[in-house]
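Shown next, in structure tokens, is the structure this report addresses.
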Amino acid sequence: MLPRVHLINASQGSFLMLGQDLITQHLTTRDEWEKWLYLITNEFTSEFDSPVVFDIGANLGAYTVPVASEIEKQGGVVYSFEPQKIVYYQLCGNIFLNRLENVTALNKAVGSEDGVIEIPIPDYQKMTNAGAFSMVDEYRTMTGTSNCMSEETHFVQVIKLDDLLFKEKTRFVKIDVEGLETEVLTGAIGFLEHNDFPPFAFEAWNTSWFADKRQELLSLVKQLGYTIEHIYNDDYIAHHPKNEAKVDFNRDSNGTLLSVCRAS
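At position 92 of the sequence shown the residue is numbered 74 (the numbering used here), and the sequence of numbers has no breaks.
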């Protein structure tokens, strides 16, 4: 049986939560979750009509909900992808709870090739951070989440972003896929070109066992012509000179990020 579900009303929206996971703790004690990402997204999208935002690895919707609420007045939409079945149900519940009509949620994974994969189902009584679930066995072992898996599995469709080329321009992409960022971008080269190289947020784990994959990821982003901005810890923003959204990342003499604002 799943952990007890409870409701949290926060400044970024209302959320149905499972147990006391990491995001629940942040929303309870700080009234927010990664507010910096929501604010940066707003800087990149606020000047456009009908902006499209992609949330790859949406989890319960802590990013989807406030972003969709913000861009709704511009006619914007969010496409949210979450491969974990139970967490996908939670995502849909939170979209409905916040009365959002401008979100399309998909129980799919995003990668470099189309296909179907079998993934384990976490034991959500043990899993304190469902967002830390990786579809790669090795990464689950290294991040300590392998012991939180049940014996059950389910099959998930994998799609490429290159298969999703819309008339409206994608203005921002959030990629939070627990070690599979390179695969997502490899399957998104045409998607990025089609959308004039939109900015995107991504993680690059700074650990010894992920060093080669980290270097591969950062090299790919640079090869695509993006400038990489370090936010803090493992979080980065990539923005491209060919994209019409211009944002300044203001730093102090030590390189610490002070503010992000639209270029004047």
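Note that the Cβ used here is the ideal one computed from N, Cα and C, for glycine as well.
Contiguous beta strand (DSSP E) elements confined to the segment 37 to 111 occur at 59 to 63, 85 to 88 and 97 to 104, taking only those with 3 or more residues.
For residue 100, the closest of 138, 73, 75 and 69 by C-alpha to C-alpha distance is 138.
Ranking 176, 165, 89 and 174 by CA distance to the CA of residue 186 puts 165 first. Closest in C-alpha terms to residue 224, from the list 175, 44 and 40, comes 175. If you keep only unbroken alpha helix (DSSP H) runs of at least 4 residues inside the segment 133 to 187, you get 163 to 168 and 171 to 176. With contacts defined as CB atoms closer than 9 angstroms, residue 181 and residue 157 fail to qualify as a contacting pair.
Taking 9 angstroms as the cut-off, the beta carbon of residue 159 is found no closer than this to the beta carbon of residue 5. Setting aside the 5 residues that flank it on each side, residue 17 is surrounded in the same chain by -6, each with a C-beta closer than 8 angstroms to its C-beta; the list follows chain order.
Proximity to residue 212 across 222, 239 and -16 peaks at 239, based on C-alpha coordinates. DSSP places residue 10 inside the alpha helix (DSSP H), whose first and last residues are 4 to 12. Taking residue 74 as the centre and dropping the five residues before and after it, the same chain places the C-beta of 87 closer than 7 angstroms to its C-beta, in chain order. Burial is judged here by how many other beta carbons sit within 10 angstroms of a residue's own beta carbon; residue 72 has at least 16 and is buried.
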